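One structure is given below, encoded as structure tokens.
In my numbering, the protein residues as written are 138 to 416.
Structure, rendered in structure tokens:
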């Protein structure tokens, strides 16, 4: 969908981009057409799209024969989508959920959780993700049954999610993603392919599930210890954990973690080894 077509469509419905929701619409038709192929979408796949906006990417996903579950927070855009894709919704090719994709306690919207649990096969996630929820959304993916994900993010967020850059430190999110997925930063996009133009570059983050990914309960345990470990990231890791979570401190010591290291210096495979010692 070109910028002019999108602007006209929104004007007909009395809508305009809402900065509060981080709405920067992708308006490069050739790029939109390539995204489903880049994401590996096949006919019959179930795809979760968060923040579909006016439905430009939704249209391409449906054209590939995917079953789309779209989650839109903006009421005006949800009404537009309901009108634009009425036939797809009627025949069950598309499901529209109006509301926040994120729920409490590391969960997704209740209707998304119900949809996900009902699927015969793991879904794909393909989305131009609203920048304001990118970190919390990514944090909800490890431990889930997933075919893969292709997410358009701020370039800095995509780079950090894929691991430390140029000798930087690990974060709780990058550790968990590394243990759950093969992570790859894909095509980088300049601001001019969006409307309105953001002030930063964007990039695709591709996630492919690892065969040795931690199962859900182990990821939950890891998430809790990482939250404690990184609560004061400049403090020595073992000293902090000995007071709060001594069994984890002992497991990390058995993995030959030095008493001097700080949380961001301990890589994912060490955490994996510690998880296995405590399982």
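Positions of the beta carbon are idealized from the N, C-alpha and C atoms, including for glycine. Please read all numbers here as calculations on a predicted model, not as lab measurements.
Within a Cβ cutoff of 6 Å, which residues of the same chain sit near residue i, ignoring the five residues on either side of it in sequence?
i, result
"residue 379", "386"
"residue 309", "363 and 367"
On the three-state DSSP scale, how would you describe residue i?
i, result
"residue 239", "strand"
"residue 209", "strand"
"residue 98", "Residue coverage of the chain in this structure runs from 138 to 416, which leaves residue 98 outside it and unanswerable."
"residue 336", "coil"
"residue 375", "helix"
"residue 187", "strand"
"residue 348", "coil"
"residue 245", "strand"
"residue 141", "helix"
"residue 201", "coil"
"residue 353", "helix"
Checking 8 Å against the spacing of the C-beta atoms, do residue i and residue j come in under that value?
i, j, result
"residue 372", "residue 399", "yes"
"residue 356", "residue 279", "yes"
"residue 341", "residue 389", "no"
"residue 267", "residue 188", "yes"
"residue 337", "residue 391", "no"
"residue 147", "residue 191", "yes"
"residue 403", "residue 358", "no"
"residue 287", "residue 249", "no"
Report the rounded CA-to-CA distance for residue i versus residue j, giving the unit in angstroms.
i, j, result
"residue 361", "residue 354", "11 Å"
"residue 224", "residue 312", "42 Å"
"residue 232", "residue 370", "42 Å"
"residue 150", "residue 222", "15 Å"
"residue 321", "residue 343", "5 Å"
"residue 409", "residue 350", "9 Å"
"residue 183", "residue 294", "26 Å"
"residue 329", "residue 170", "17 Å"
"residue 185", "residue 200", "15 Å"
"residue 154", "residue 331", "11 Å"
"residue 384", "residue 208", "40 Å"
Let me know if residue i comes out buried or exposed under the rule of 16 or more other beta-carbons within 10 Å of its beta-carbon.
i, result
"residue 282", "exposed"
"residue 228", "exposed"
"residue 366", "buried"
"residue 474", "Here the chain covers residues 138 to 416 and nothing more, so residue 474 does not appear."
"residue 401", "buried"
"residue 247", "exposed"
Which same chain residues, not among the five before or five after residue i, have their C-beta less than 7 Å away from its C-beta?
i, result
"residue 270", "238 and 239"
"residue 202", "180 and 181"
By Cβ distance below 8 Å, which residues in the same chain neighbour residue i in space, the five residues on each side in sequence not counted?
i, result
"residue 347", "316, 317, 318 and 319"
"residue 416", "355"
"residue 245", "238, 239, 253 and 277"
Taking CB distances under 8 Å as the criterion, tell me whether residue i reaches chain B.
i, result
"residue 179", "Checking the listed chains, one finds no chain B in this structure; it contains a single protein chain."
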